[in-house]
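Those protein sequence lines, which keep their order, are chains A and B.
Position 96 (the first sequence) corresponds to 96 in our numbering; numbering is contiguous.
Position 103 (the second sequence) corresponds to 1103 in our numbering; numbering is contiguous.
Working notes for the structure below.
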Amino acid sequence: MELISISNVNVRYKNGVNALHDISIKIKRGDFVFVIGGSGSGKSTFIKMLYREIKPSSGAIILGGLNVAKLRDSKVYKLRRKLGIVFQDYRLLPKLTVYENVAFALECIGAKKSEIRAKTLKAIELVGLKSKTRAYPDQLSGGEQQRVAIARAIVNNPKLLICDEPTGNLDPDMSMEIVKLLESINKTIGTTIIMATHDREIVDKMKKRVVVLKDGHLIQDYEKGKYYDEAD
Amino acid sequence: MMKLIRMLSRGIRDAFKSVFRNFSLSIASVSCISITLVVIAVSIIASWNINNFTDTIKKDVTIIAFIDSKATDLDLEQVDAQLRKIDNIESITLKTKQQEKEEMMKEDEVLKEILGDMDEDESPLKDSFLIKVTKLEDIKDTVAKIKKIDLVHTVNYGESMVEKMLSAFKVVRNITIIIVVALVLVNVFLIVNTIKLTIFSRKREISIMRLVGASNLSIKYPFVIEGMVIGMIGSIVPILITIYGYTYLYNSFDGEIFSSLIKLIDPQPFVFWVSLIILGIGMLVGMLGSGRAVRKYLKV
Chain A
1 MELISISNVN
11 VRYKNGVNAL
21 HDISIKIKRG
31 DFVFVIGGSG
41 SGKSTFIKML
51 YREIKPSSGA
61 IILGGLNVAK
71 LRDSKVYKLR
81 RKLGIVFQDY
91 RLLPKLTVYE
101 NVAFALECIG
111 AKKSEIRAKT
121 LKAIELVGLK
131 SKTRAYPDQL
141 SGGEQQRVAI
151 ARAIVNNPKL
161 LICDEPTGNL
171 DPDMSMEIVK
181 LLESINKTIG
191 TTIIMATHDR
201 EIVDKMKKRV
211 VVLKDGHLIQ
221 DYEKGKYYDE
231 AD
Chain B
1001 MMKLIRMLSR
1011 GIRDAFKSVF
1021 RNFSLSIASV
1031 SCISITLVVI
1041 AVSIIASWNI
1051 NNFTDTIKKD
1061 VTIIAFIDSK
1071 ATDLDLEQVD
1081 AQLRKIDNIE
1091 SITLKTKQQE
1101 KEEMMKEDEV
1111 LKEILGDMDE
1121 DESPLKDSFL
1131 IKVTKLEDIK
1141 DTVAKIKKID
1151 LVHTVNYGES
1161 MVEKMLSAFK
1171 VVRNITIIIV
1181 VALVLVNVFL
1191 IVNTIKLTIF
1201 SRKREISIMR
1211 LVGASNLSIK
1221 YPFVIEGMVI
1231 GMIGSIVPIL
1241 ITIYGYTYLY
1251 NSFDGEIFSS
1261 LIKLIDPQPF
1271 VFWVSLIILG
1281 IGMLVGMLGS
1291 GRAVRKYLKV
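Structural data, given as structure tokens:
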């Protein structure tokens, strides 16, 4: 059963640059997919397109029954409620505690107070930050902050978790921990995960599906892949 | 429905919270609103007083229609009936020779001597109707109509003075309206910009709200409420200045400026109406300002 079906998508920026050329790919429920590629490969554009930060110039993106490519600005929230997003720079609110940051996602969509409390505590426990519930982001390490961001992304039980270079700011040990956490979320809850990265070690170790982009073209799609390098 | 109520109450709670959380920026917006509202309050008070003053003067304008000395009581009744047919007339008062005589005798000792000895038939005085009009602007037409009535001897209303006064009032009123409107517009502009600054610093918060799936309306709503709260807080000082300042002014001038002709409006309930207007402008401008300012960040 496919969660995402992308067919013949082109993205052309206003300045004339073609960021993505004729991309077609299907991603099943419960998949864990690495998207790799160097700078300017279209990796970021691909990720942004999935959560409708960017609108494709042509083609269709069907995500959980929604045609993302045709979604209007005012309806984008409907898509965002179905997915969680994690960034390289965590994007936490500095004046809110760990608990408040995670609960924020549920408050924004008008969840019940009791529901917010239960789900928030569960998500914080899942990422292993139970003891830091009342801490502020600047009192946490980079890895811990990224865990908070992951907790916020999964608190609403999304079908899909999109990670845009989540380990980019972390040292190798910490990076591995974060990816292990993502893997356990993928396995225990069944959340589909798409992760953009350029961390060779992680990709090689995890042995997951790997999609390789280069100059806006999808050039490889390995089922149990390794980091792709032109030199290889 | 429950969800809507939850969202509404959350919006109000968040609005108050973030006013205090972003205290220094809130202070900037509040003081900006306060200063402009003070100026608006002063100009509203001034223009209202000018209007009040011109209204009282307008009310004092009276047409006097003197009736031919030969007129009998029956004739007077007829003239009265004819006058009542003319539109634009607010009130008609008959002043008989006798009343006129008594009034004049009260005013002056010499006149008292002369008039007191005079017979009813010898009297140089005439019966007259004192007429007030509803629309001062149309006074010329009304006077022309009165003149046409039989037995009306002469009509007097101080033509040149009234004409000049009318045009002067028009100019003054237009100027005060322009000033108030211009000030309100300037206020909106200033506040939109100040709130834009405060919202710029919360771009991140807005972008995260969008990322986690908050709808545009639910993002905008707390900011609009916040703008309203800021507007409310910003109108406190102008309202205090209005209430105490105007009352003080009124008392120290004994309710009139320069002469008894120019009367100030009684502070009660006048200051409360002005305060209400100020509060309304403050809240509305705050809401509009933040609503406009946040819109920019709601595009993907």
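Virtual Cβ for every residue (Gly too), placed ideally from N, Cα, C.
- In the structure shown, B:T1036 falls within a helical segment according to DSSP collapsed to helix, strand and coil.
- Close CB contacts of B:D1060 within its chain, under the 7 Å cut and outside five residues either way in sequence, are absent.
- Counted as a single uninterrupted DSSP element, the alpha helix (DSSP H) harbouring B:Q1082 occupies residues 1073-1085.
- Identification of residues in the segment 79-103 of chain A having a C-beta nearer than 7 Å to some C-beta of chain B yields R80, R81, I85, R91, L93, K95, given in sequence order.
- Listed along the chain, the chain A residues whose CB falls inside 7 Å of the CB of B:K1003 are G110.
- No Cβ of chain A is located within less than 8 Å of the beta carbon of B:L1197.
- Distance from the CA atom of B:Q1098 to the CA atom of B:M1118, rounded to whole angstroms, is 11 Å.
- Listed by position along chain A, the residues whose Cβ is nearer than 7 Å to that of B:G1213 are Y77, R80, R81, C108, I109.
- At least one CB of chain B lies nearer than 8 Å to the CB of A:D73.
- As a beta-bridge residue in DSSP terms, A:E2 pairs with A:K28.
- The three-state secondary structure of B:G1255, taken from DSSP, is coil.
- For A:I189, the secondary structure class from DSSP, reduced to helix, strand or coil, is coil.
- A direct Cα-Cα distance of roughly 39 Å separates B:I1243 from A:K95.
- Note that the C-beta distance between B:I1230 and B:V1030 is below 8 Å.
- Looking at the backbone, the Cα of A:R152 and that of B:M1228 are separated by about 30 Å.
- Under a criterion of Cβ atoms nearer than 9 Å, the residues of chain A adjacent to B:S1218 are, in order, Y77, C108, I109, G110.
- Of the candidates A:A103, A:P172, A:G38, A:S5, A:A103 places its Cα closest to the Cα of B:A1214.
- Just so you know, the alpha carbons of B:L1217 and A:L50 end up roughly 23 Å apart.
- Residue-level contact check: A:A149 does not touch chain B, since none of the beta carbons of chain B fall below 8 Å from its beta carbon.
- Annotation for A:I61: the continuous beta strand (DSSP E) segment containing it runs 58-63.
- Note on geometry: alpha-carbon atoms of B:R1292 and B:R1084 lie some 56 Å from one another.
- In the three-state reduction of the DSSP assignment, A:E53 falls in the coil class, being assigned neither a helical nor a strand state.
- By the CB criterion at 8 Å, B:M1104 and B:L1094 fall outside the cutoff.
- DSSP links A:T197 through a beta bridge to A:I36.
- Of all residues in the segment 1181-1211 of chain B, only R1204, E1205, S1207, I1208, M1209, R1210, L1211 come within less than 9 Å of chain A when Cβ atoms are compared, listed by chain position.
- Distance check between B:I1265 and each of B:V1133, B:T1072, B:K1196, B:N1052 places B:N1052 closest, using alpha-carbon atoms only.
- With respect to chain A, the C-beta atom of B:R1010 has a partner C-beta closer than 8 Å.
- Within the segment 1273-1299 of chain B, the residues whose Cβ lies closer than 7 Å to any Cβ of chain A are, in chain order, K1299.
- About 5 Å separates the Cβ atoms of B:L1125 and B:E1100, confirming a contact at the 8 Å cut-off.
- As DSSP reads the structure, A:K159 sits in no beta bridge.
- For the 8 Å CB-CB criterion, A:V155 and A:K112 do not form a contact.
- Using a Cβ-Cβ cut-off of 8 Å, A:A118 does not count as an interface residue toward chain B, since no Cβ of chain B sits closer than that to its own.
- When rounded, the separation of the alpha-carbon atoms in B:G1158 and B:T1056 is 16 Å.
- Contact between A:I27 and A:I219 fails: their C-beta atoms lie close to 17 Å from each other, not under 8 Å.
- Of the other Cβ atoms in all chains shown, 16 or more fall within 10 Å of the Cβ of A:I61; this residue is therefore buried.
- Assignment of B:N1187 by DSSP, reduced to helix, strand and coil, places it in the helix class.
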